[in-house]
Amino acid sequence: MEIDCWICHHRFVGKHLSELCKAEYPQFVKICLWLLAELAVIAADIPEVIGTAFALNILFHIPVWAGVLLTGSSTLLLLGLQKYGVRKLELLISLLVFVMAACFFGEMSYVKPPASDVLKGMFIPKLAGQSATGDAIALLGALIMPHNLFLHSALVLSRKVPNSVRGVNDACRYFLIESGFALFVAFLINVSVISVSGKVCTGTNISAEDAERCSDLTLNSASFLLKNVLGRSSKILYGVALLASGQSSAITGTYAGQYIMQGFLDLKMRTWLRNLVTRSIAITPSLIVAIIGGSAGAGRLIIIASMILSFELPFSLIPLLKFSSSSTKMGPYKNSIYIIVVSWILGLGIISINVYYLSTGFVGWLIDGDLHKVGKVFIGIIVFPLMAIYVLAVIYLTFRKDVVVTYIEPVKGVEEGFGGEATGEGQLPYREDLADIPLPQ
1 MEIDCWICHH
11 RFVGKHLSEL
21 CKAEYPQFVK
31 ICLWLLAELA
41 VIAADIPEVI
51 GTAFALNILF
61 HIPVWAGVLL
71 TGSSTLLLLG
81 LQKYGVRKLE
91 LLISLLVFVM
101 AACFFGEMSY
111 VKPPASDVLK
121 GMFIPKLAGQ
131 SATGDAIALL
141 GALIMPHNLF
151 LHSALVLSRK
161 VPNSVRGVND
171 ACRYFLIESG
181 FALFVAFLIN
191 VSVISVSGKV
201 CTGTNISAED
211 AERCSDLTLN
221 SASFLLKNVL
231 GRSSKILYGV
241 ALLASGQSSA
251 ITGTYAGQYI
261 MQGFLDLKMR
271 TWLRNLVTRS
281 IAITPSLIVA
291 IIGGSAGAGR
301 LIIIASMILS
311 FELPFSLIPL
321 LKFSSSSTKM
331 GPYKNSIYII
341 VVSWILGLGI
351 ISINVYYLST
361 GFVGWLIDGD
371 LHKVGKVFIG
381 IIVFPLMAIY
391 VLAVIYLTFR
401 KDVVVTYIEP
411 VKGVEEGFGG
421 EATGEGQLPY
431 REDLADIPLP
441 Q
């Protein structure tokens, strides 16, 4: 919600996040930010590739490596079907995902996890060991994906909104209500999934087969969690919902990549070509891991890709936070001091967790690993400077002063809100170039 509030303020600027980065930062910095943003799109596409491959394996018993290859055409087919009715396609995908959510809610009511433990887990974080820290970082990257910050800031500009103070404020309020509802539903789904997993896998009557699945729980084996509600149909419904979820995420990733490329490079690419390039790069590591490590290796690759997203988050989150709190960017509509303080506390918390895990995890691996001392020294010489560069880059983005003025004064004479029409000087431009990218209308 806090992040969506910052994003909404881009309506007062007339530029989305990648365009602001291009206008504000030196050439070398914006090239680095563009490359990191593209890497985030690819890293986000890897779980979608593997998740789709898992779904095909569940539904049709296709080997995971073959399913990875098939994902290259599945999303292209879905993008092609949009011209026959995007809303119907969205409705179908949403329906499948909500059916899966309802099944987990039903399973949650069946296994009855202790309410006190569920509430305690929501508000009192507890991480058991180094691996749990890595899982938490991966979860953070999966929930707050860096490329989605670029996408949402552009979507705000691609909507027709009255160019007045009241009109923009109304748009921001409705945008926050919409995103808040979506995040609340996602929160409930996450709570139900984690609660069901914890209760089923720690139950006293768990079978040996299910206990083995719980010891290495992946997307490919999680359907057994729903067997109390769906019985033998659990695998089919779970596979269909997993397939739909992967396709919808791939579509949003394609549009995010379009906006990133358009903002940083002033370059547009056809959606099918953009998807093909991103998907081809994401398929390569997914295919290698699926062939060598099978389903278990592919599941671990999802965790690694999500951790990469978390490590990249500061390079989109810090510019967004700074721009939304800057008078040169937002004028009088910059964040209040309360929001600025809370935002920086959250942002620094995310950065601190990343740095802590990088340093302790790598040092622990060097000390406890079986690698020869010469190899450890060689790897340390390479990795420690990279970690220092990471920290210095975060510090640079945090303390660099914004100098480029981009704020556009909205029309103050129109007070009809969404029903009014704005005329005169100072109008906020309607971004037809963004609306031209084929988004749901």
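Residues in the sequence shown are numbered from 1 upward in steps of one, following full-length UniProt numbering. Glycine included, every Cβ here is placed at the ideal spot set by N, Cα and C.
Alpha-carbon spacing of residue i relative to residue j, whole angstroms
i: GLU421; j: ASN169; result: The pLDDT assigned to GLU421 is 43, lower than 50, so where the model puts this residue is not dependable; a value taken from the coordinates is nonetheless given after this. The alpha-carbon atoms of GLU421 and ASN169 are separated by roughly 15 angstroms.
i: residue 455; j: LEU56; result: The structure shown does not extend to residue 455, since the chain is modelled only from 1 to 441, so the question has no answer here.
i: MET145; j: VAL41; result: 9 angstroms
i: LEU242; j: GLY297; result: 18 angstroms
i: ASP135; j: ILE303; result: 7 angstroms
i: LEU230; j: GLY203; result: 19 angstroms
i: ALA186; j: PHE311; result: 22 angstroms
i: TYR25; j: HIS16; result: 14 angstroms
i: PRO125; j: LEU273; result: 43 angstroms
i: MET269; j: GLN258; result: 7 angstroms
i: LYS373; j: PRO385; result: 19 angstroms
i: TRP344; j: ALA305; result: 25 angstroms
i: LEU176; j: LEU151; result: 15 angstroms
i: SER280; j: GLY294; result: 20 angstroms
i: ALA211; j: THR278; result: 37 angstroms
i: ILE379; j: GLY361; result: 14 angstroms
i: LYS376; j: MET307; result: 23 angstroms
i: PRO285; j: ILE292; result: 11 angstroms
i: ALA182; j: SER94; result: 11 angstroms
i: residue 499; j: SER197; result: No information on residue 499 is available, as it lies outside the stretch 1 to 441 that the chain covers here.
i: LEU346; j: ILE395; result: 16 angstroms
i: ALA364; j: GLY51; result: The sequence as given places Gly at residue 364; Ala does not occur at that position. Computed Cα separation, rounded: 31 angstroms.
i: GLU209; j: TYR174; result: 48 angstroms
i: ILE353; j: SER359; result: 10 angstroms
i: VAL342; j: ASP402; result: 20 angstroms
i: VAL156; j: GLN262; result: 16 angstroms
i: GLN27; j: ASP266; result: 14 angstroms
i: ALA290; j: LEU301; result: 9 angstroms
i: SER325; j: LEU348; result: 15 angstroms
Nonlocal neighbours in the same chain, by C-beta distance under 7 angstroms from residue i, ignoring five residues either side
i: LYS199; result: VAL111, PRO113
i: SER327; result: LYS334
i: LEU392; result: none
i: LEU108; result: Residue identity check: residue 108 is Met in the sequence provided, not Leu. The residues are SER192, SER195, VAL196.
i: LYS30; result: CYS21, LYS22, PHE264
Cβ-Cβ distance between residue i and residue j below 7 angstroms
i: ILE137; j: TYR356; result: no
i: LEU33; j: GLY239; result: no
i: ALA37; j: ILE260; result: yes
i: ALA44; j: GLY253; result: yes
i: VAL99; j: VAL68; result: no
i: TRP65; j: LEU226; result: no
i: LEU149; j: LEU320; result: yes
i: SER223; j: ARG213; result: no
i: ALA23; j: VAL404; result: yes
i: LEU35; j: PHE323; result: no
i: ILE189; j: ALA101; result: yes
i: SER18; j: PHE184; result: no
i: THR398; j: ILE318; result: yes
i: GLY141; j: LEU371; result: no
i: LYS329; j: THR271; result: no
i: PRO314; j: ILE351; result: yes
Sequence-distant residues of its chain with Cβ nearer than 6 angstroms to residue i (five each side left out)
i: GLU425; result: Reliability fails at GLU425, whose pLDDT of 40 lies under 50, so the model's placement of it is uncertain and no value is given.
i: GLU415; result: Only weak support is given to the placement of GLU415: the predicted model assigns it a pLDDT of 42, under 50, and the value that follows is read from those uncertain coordinates. Taken in chain order, the residues that qualify are ARG166.
i: GLY299; result: THR218
i: SER245; result: VAL97
i: PRO332; result: none
i: SER234; result: SER223, LEU226, LYS227
i: GLY413; result: At GLY413 the pLDDT is 46, less than 50, meaning the model places this residue with poor confidence; the figure from the coordinates comes in the next sentence. Contacts found: none.
i: PHE105; result: SER192
i: VAL118; result: SER195
Same chain, Cβ closer than 8 angstroms to residue i, neighbours up to 5 away in sequence not counted
i: HIS147; result: ALA37, ALA40, VAL41, ALA44, GLY253, ALA256, GLY257, ILE260, SER316
i: ILE283; result: VAL49, VAL68, LEU69, THR71, GLY72
i: ASP216; result: ALA296, GLY299
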